[in-house]
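One structure below.
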Amino acid sequence: MFEKANNYKVAIVTGANSGIGYGICQRLLEAEGDSLTLIMACRNLTRATLAKEKLIKQFPFAHINIELVDVSIGINWTKTISMLLTQPVELLERSDATIQRMGEISEEGIGYVFAANVLGHYFMMRELEDLLAASGDGRVIWTSSITSNKTCFDIEDWQGIKSPIPYESSKWACDLVSVATHERFKAEKRTISSFTTSPGVVASQIGDLPLWITLVRIVLHYIMRWIGIQSQNITSYNGAVADVYTALEPISNIEYSKRYSSMTDRWGRAFVRAISIHDYDSDSAEKLLLKCELVYQAHKKNL
């Protein structure tokens, strides 16, 4: 979430204590200085506090608050070793090596991964909508994935409960919700925009990977990047360039119907590439948006 009014800006960054989230924090503070209030939404208070201290050391002027969000995943070791030996490129670009929460339901009765990656953010957006609109240029930025595509998602299983790849399903859902939400905002003449991005491939600590796995991955990332695979961003700082671009670039330069992807050339120079969201289905997007809204309204009534 990104809100700005005159020269005063507020950004809420989920997963902000590490990986792409931390890279986004760095780039935002680097670009906006003390005109930015940064809210770090993290699942671990200790790590969040350490990350905040690192940011303040790098940016002494920073205005930073912490909010807790609890999301955790594990590693499928058999799949990891198998893919390392047989499909190294796919291992670096896909989440198959993650123990995906197939069939898991949250305490609220919602698909666990969908709740963490989509619905929770939808609730946050709806609650902040009036503030975003009042800023005159509110922006909601959904982090999708390089692996996101139409085949991962089934509107009949919109929460991804039956899906063997609920992560990818939720990321395509982010694309659908982003585009449909942007169109709703414009139809209602609200000064809010919604965009979707991809961080490409980053050697982050998501899933608490052991050091040796992280080191092997980093070496493979560099090899793949050197041979021309520009999605291999490797560092969270490079991976965050698309998110910050869509947050700060003049609105007239951004197309809501495209996914903005972080890329890095073989020399380590990061850049942004706008990629069409292939096979976007407006019918599925509208149905999904309605389902999210119905859950949101039911939640509001039960408060």
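With the first letter of the sequence shown counted as 1, position 177 gets the number 324 in the numbering used here; the numbers rise by one all the way through.
Ideal Cβ placement from N, Cα and C applies to all residues, glycine included.
Taking C-alpha atoms, which residue in the options lies nearest to residue i?
i      : options                        : result
Val388 : Ile424, Glu276, Glu177, Ile252 : Glu177
Thr290 : Cys439, Gly168, Phe418         : Gly168
Lys336 : Ser295, Ile360, Gly285, Thr361 : Gly285
Leu437 : Arg331, Ser165, Ala417         : Arg331
Val391 : Arg420, Arg372, Asn296         : Arg420
Gly375 : Tyr427, Glu200, Met410         : Met410
Leu278 : Leu192, Ser340, Gly258, Phe418 : Ser340
Lys405 : Arg416, Thr393, Gly415         : Thr393
His210 : Gly180, His268, Glu276, Leu275 : Gly180
Ile288 : Ile171, Lys434, His446         : Ile171
Please check the pair residue i and residue j, which I expect to be a contact at CB under 8 angstroms, by giving their CB distance rounded to whole angstroms.
i      : j      : result
Glu214 : Ala188 : 5 angstroms
Ser408 : Ser345 : 4 angstroms
Phe300 : Ala320 : 6 angstroms
Tyr403 : Gln173 : Not confirmed; about 26 angstroms, so no contact.
Ile302 : Ser431 : 5 angstroms
Would you identify the three-state DSSP class for residue i, choosing helix, strand or coil?
i      : result
Lys318 : helix
Arg337 : coil
His210 : strand
Lys448 : helix
Lys405 : strand
Ile398 : helix
Arg286 : strand
Thr227 : Residue confidence for Thr227 is low, a pLDDT of 38 falling below 50, so the modelled location carries little weight and cannot support an answer.
Ile387 : Per the sequence shown, the amino acid found at residue 387 is Ala instead of Ile. Ala387 falls in the coil class under three-state DSSP.
Thr294 : coil
Ala327 : helix
Gly170 : helix
Just grab the DSSP bridge partners of residue i for me.
i      : result
Leu185 : Ala158, Ile211
Val349 : Ile381
Ser423 : Lys405
Ile252 : Gly258
Cβ contact check for the segment 319-336 and the segment 375-391: 3 or more pairs under 8 angstroms | With the cut-off at 8 angstroms, the segment 319-336 and the segment 375-391 do not touch.
Pairing CB atoms from the segment 359-373 with CB atoms from the segment 304-314, are three or more of them under 8 angstroms?
-> No, because fewer than three Cβ pairs between the segment 359-373 and the segment 304-314 fall closer than 8 angstroms, the two stretches do not touch.
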